[in-house]
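Residue numbers (my numbering), protein chains in the order written: chain A, 1 to 304; chain B, 305 to 738.
Structure, as structure tokens:
Okay, here's the thing in structure tokens:
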């Protein structure tokens, strides 16, 4: 079931068409990855969904949007984090809940639960400015979730987090999804999106260049990716006629095959010069797909 | 509504908990009191004890200076409380009075002298002072601006000279004192209803004081709200806020919250003032100012009405500046000339208060922005027609509503437009856009 549908949305700032006819839908109970490079139009799209900007044209619809204050049903974590630095943690969270229409003892209990979960229990009376950056981010994330929103919109939620906290956030998002919440996750970290997203929407220069479920998208690109782990100098792999593109990092290579070429030929060529440990034909990673769709375009632009 | 209240509550609590608020609430009255009270005290106390020498060429005025304190007490209260130590030097018969004054002048200028023997001033009365009508008494002092001492000595000397001239013409000392007694001038203002009220030189000071009480909170909290908006932009809190409520709710909450902080402060000041009034009133009347006569009940009503109107007008102007700028520095540059303009009535207090019904005063009091302060001044010193007051209030309310809308629009667009400050055409486009 769709919870959000964005249709032909356009937003122009001066001469820049920041968002140029974007359409996509978000299914209830899923994680949708909104992907794209910096400046692709992700944040502007999100700001229109959250009601900060009005679209110049197009529509944003979701069931029940017109009932009451639709803003109360969204939890939004902006990319650029910001909190009142002089307030203490609990006061701030109470305020954030209140502007989403929630108050009373339930909210306090909920705050305690969240703080314990994020190991911030003993910081509850600290001023925000006394917290580490990572902890401030956690507080803001709690503020985003406190009012139990139907739609959770997170703009780069993992930027600036250490690996441990990244895992913490990733697990949290999966958990929220299992509870039936819907998440729109904007990120440029393809690896993270790949680990979490059910659906993806790839935006480039204000336009959707790719969309659908992650499996479908990857399937449509076919099994044209080779993963090779080896010992020796693999640089020559780049120059083989069957190789369209190769990413070689020390002892492993991710190779995109040229159209119609036989991976067996690459194996033969490699066996003579390298000691092969792994040789796998697979669907491409999201990162590859991203470069495939967006990178070529960018390279051409640089060339011209 | 609830969201607006949430913002209002947060702004208010954050504001009154600031050290700056507490310090301002306690210190400002002391400061303001000091600014007006200390000069009064200083004037009345004559800036401490002065030691002066009088070199008297006539040789008959010793008595004048000896009992000077008694005489001056009878004639002028203000002089009585100060203390002046006069050394009398009889220079009668000396051919050159100036030469006789030389040692005294040396004592005045010599640097090594102990405080005790050092002179602050020297007055030289020439021998012919009693006879000639064209006579010059010389006053030497270390400080060119010691006008108070000069005035006092001059009036004592003249009184002495007058008394002696009268005595020479056969009028005895008692008669002379009666003849010389001067009449006091008391100013009374008649209102249209014929009732006597207010008036006096204290008007100007009271006007400055009360309009100061008008302006300072407006400017301080205007700046505060401007900084608050810029800070929220820089802290990026604003994105969370306006994804949770309309810009209008946010702005209303912020402005009313800040307004409440200002009102809290002014109320605290007024309470402190009424407590202090008992003490101050006595001191002020000693200084020739009867402040209490301004404190009639209607004044409080007008003060409350016009204060709130002035406050909201100014705070809106600052909020516009805050919403359209990205840094404190930028906003300061933008607001500096505007706030000078807003202060115009304050610079004109003297003119407005002396001519409260002039066309200038009427124009100012009915104009937007300047209205509240000028109108309040007029109610303070005159009885402006009721319809003037009504029009002034209406103009202010319309102005505030208009400002509010403009601010809300600029707020919505400007608050997320990071980067350079918008130009006027851009601001205009934002207004149409939002």
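C-beta atoms are modelled at their ideal positions from N, C-alpha and C, and glycine is treated no differently.
Note that the coordinates shown come from a computational prediction; the quantities given were computed from them, not determined experimentally.
Under the three-state DSSP convention, the category residue i falls into
{"i": "residue 227 of chain A", "result": "strand"}
{"i": "residue 99 of chain A", "result": "coil"}
{"i": "residue 395 of chain B", "result": "coil"}
{"i": "residue 444 of chain B", "result": "strand"}
{"i": "residue 219 of chain A", "result": "helix"}
{"i": "residue 112 of chain A", "result": "helix"}
{"i": "residue 233 of chain A", "result": "coil"}
{"i": "residue 21 of chain A", "result": "strand"}
{"i": "residue 680 of chain B", "result": "helix"}
{"i": "residue 245 of chain A", "result": "strand"}
{"i": "residue 176 of chain A", "result": "helix"}
{"i": "residue 658 of chain B", "result": "helix"}
{"i": "residue 673 of chain B", "result": "coil"}
{"i": "residue 204 of chain A", "result": "strand"}
{"i": "residue 518 of chain B", "result": "helix"}
{"i": "residue 388 of chain B", "result": "strand"}
{"i": "residue 705 of chain B", "result": "helix"}
{"i": "residue 383 of chain B", "result": "In this predicted model, residue 383 of chain B has a pLDDT of only 44, less than 50, meaning its place in the structure is not dependable; the value taken from the coordinates is given anyway. Residue 383 of chain B: helix per DSSP, three-state reduction."}
{"i": "residue 44 of chain A", "result": "helix"}
{"i": "residue 606 of chain B", "result": "helix"}
{"i": "residue 438 of chain B", "result": "coil"}
{"i": "residue 410 of chain B", "result": "helix"}
Limits of the alpha helix (DSSP H) - the one that residue i falls within
{"i": "residue 153 of chain A", "result": "Counting along the chain, residue 153 of chain A falls outside any alpha helix (DSSP H), though it belongs to the beta strand (DSSP E) covering 151 to 155."}
{"i": "residue 32 of chain A", "result": "It is not in any alpha helix (DSSP H) - residue 32 of chain A instead sits in the beta strand (DSSP E) that spans 31 to 35."}
{"i": "residue 541 of chain B", "result": "541 to 546"}
{"i": "residue 313 of chain B", "result": "306 to 320"}
{"i": "residue 2 of chain A", "result": "Element bounds for residue 2 of chain A: not the alpha helix (DSSP H) but the beta strand (DSSP E), 2 to 13."}
{"i": "residue 256 of chain A", "result": "That residue, residue 256 of chain A, is in no alpha helix (DSSP H); its beta strand (DSSP E) goes 252 to 257."}
Per-residue burial, residue i [other beta carbons within 10 Å of its own, 16 or more giving buried]
{"i": "residue 474 of chain B", "result": "exposed"}
{"i": "residue 380 of chain B", "result": "Here residue 380 of chain B scores only 46 on pLDDT, less than 50, and its place in the model is too uncertain to base an answer on."}
{"i": "residue 604 of chain B", "result": "exposed"}
{"i": "residue 187 of chain A", "result": "buried"}
{"i": "residue 640 of chain B", "result": "exposed"}
{"i": "residue 664 of chain B", "result": "exposed"}
{"i": "residue 328 of chain B", "result": "buried"}
{"i": "residue 389 of chain B", "result": "exposed"}
{"i": "residue 689 of chain B", "result": "exposed"}
{"i": "residue 9 of chain A", "result": "buried"}
{"i": "residue 645 of chain B", "result": "exposed"}
Enclosing beta strand (DSSP E) for residue i [first to last residue]
{"i": "residue 186 of chain A", "result": "182 to 187"}
{"i": "residue 358 of chain B", "result": "354 to 360"}
{"i": "residue 471 of chain B", "result": "Counting along the chain, residue 471 of chain B falls outside any beta strand (DSSP E), though it belongs to the alpha helix (DSSP H) covering 451 to 472."}
{"i": "residue 308 of chain A", "result": "For chain A, the structure presents residues 1 to 304; residue 308 of chain A sits outside this window and is missing."}
{"i": "residue 294 of chain A", "result": "Looking at the DSSP string, residue 294 of chain A is not in any beta strand (DSSP E), and its letter there is neither H nor E."}
{"i": "residue 76 of chain A", "result": "74 to 77"}
Proximity of residue i and residue j at Cβ, strictly below 8 angstroms
{"i": "residue 206 of chain A", "j": "residue 37 of chain A", "result": "no"}
{"i": "residue 225 of chain A", "j": "residue 255 of chain A", "result": "yes"}
{"i": "residue 22 of chain A", "j": "residue 12 of chain A", "result": "no"}
{"i": "residue 532 of chain B", "j": "residue 309 of chain B", "result": "no"}
{"i": "residue 244 of chain A", "j": "residue 253 of chain A", "result": "no"}
{"i": "residue 679 of chain B", "j": "residue 662 of chain B", "result": "no"}
{"i": "residue 530 of chain B", "j": "residue 608 of chain B", "result": "no"}
{"i": "residue 30 of chain A", "j": "residue 177 of chain A", "result": "yes"}
{"i": "residue 660 of chain B", "j": "residue 686 of chain B", "result": "yes"}
{"i": "residue 125 of chain A", "j": "residue 90 of chain A", "result": "yes"}
{"i": "residue 146 of chain A", "j": "residue 200 of chain A", "result": "no"}
{"i": "residue 424 of chain B", "j": "residue 354 of chain B", "result": "yes"}
{"i": "residue 477 of chain B", "j": "residue 485 of chain B", "result": "no"}
{"i": "residue 356 of chain B", "j": "residue 409 of chain B", "result": "no"}
{"i": "residue 32 of chain A", "j": "residue 269 of chain A", "result": "no"}
{"i": "residue 143 of chain A", "j": "residue 202 of chain A", "result": "no"}
Residue i: CB within 7 angstroms of a non-hydrogen atom of the ligand SAM
{"i": "residue 697 of chain B", "result": "This structure does not include the ligand SAM; it has no bound ligands of any sort."}
Count the C-beta pairs between the region 192 to 209 of chain A and the region 224 to 233 of chain A that are closer than 8 angstroms, then say yes if the count reaches three, no if not.
-> No: the two stretches stay apart, fewer than three of their Cβ pairs being nearer than 8 angstroms.
Report yes or no: do the region 68 to 83 of chain A and the region 153 to 168 of chain A share at least 3 C-beta pairs separated by less than 8 angstroms?
-> Output reads yes: the region 153 to 168 of chain A touches the region 68 to 83 of chain A.
On the three-pair Cβ rule with 8 angstroms, is the region 172 to 186 of chain A touching the region 140 to 152 of chain A?
-> Output reads yes: the region 140 to 152 of chain A touches the region 172 to 186 of chain A.
Three or more C-beta pairs closer than 8 angstroms, one from the region 135 to 146 of chain A and one from the region 45 to 65 of chain A: is that the case here?
-> With the cut-off at 8 angstroms, the region 135 to 146 of chain A and the region 45 to 65 of chain A do not touch.
Using 8 angstroms as the Cβ pair cut-off and three pairs as the minimum, do the region 662 to 675 of chain B and the region 694 to 705 of chain B touch?
-> Result yes; three or more Cβ-Cβ pairs closer than 8 angstroms.
Can we say the region 456 to 475 of chain B touches the region 428 to 446 of chain B, given the rule of at least three CB pairs closer than 8 angstroms?
-> Output reads yes: the region 428 to 446 of chain B touches the region 456 to 475 of chain B.
Inter-stretch contact at 8 angstroms, needing at least 3 Cβ pairs: the region 352 to 366 of chain B / the region 428 to 435 of chain B = Enough Cβ pairs lie closer than 8 angstroms, so yes.
Counting pairs of Cβ atoms below 8 angstroms between the region 49 to 56 of chain A and the region 309 to 324 of chain B, do you hit three or more?
-> Three or more Cβ pairs closer than 8 angstroms define a contact, and the region 49 to 56 of chain A falls short of that threshold against the region 309 to 324 of chain B.
Should the region 555 to 575 of chain B be regarded as contacting the region 112 to 122 of chain A, the criterion being three or more beta carbon pairs within less than 8 angstroms?
-> Fewer than three beta-carbon pairs drawn from the region 555 to 575 of chain B and the region 112 to 122 of chain A are found closer than 8 angstroms, and the two stretches are therefore not classed as touching.
Touch check for the region 514 to 522 of chain B and the region 270 to 287 of chain A: three-plus C-beta pairs under 8 angstroms?
-> Between the region 514 to 522 of chain B and the region 270 to 287 of chain A, the count of C-beta pairs closer than 8 angstroms stays below three; the two stretches do not touch.
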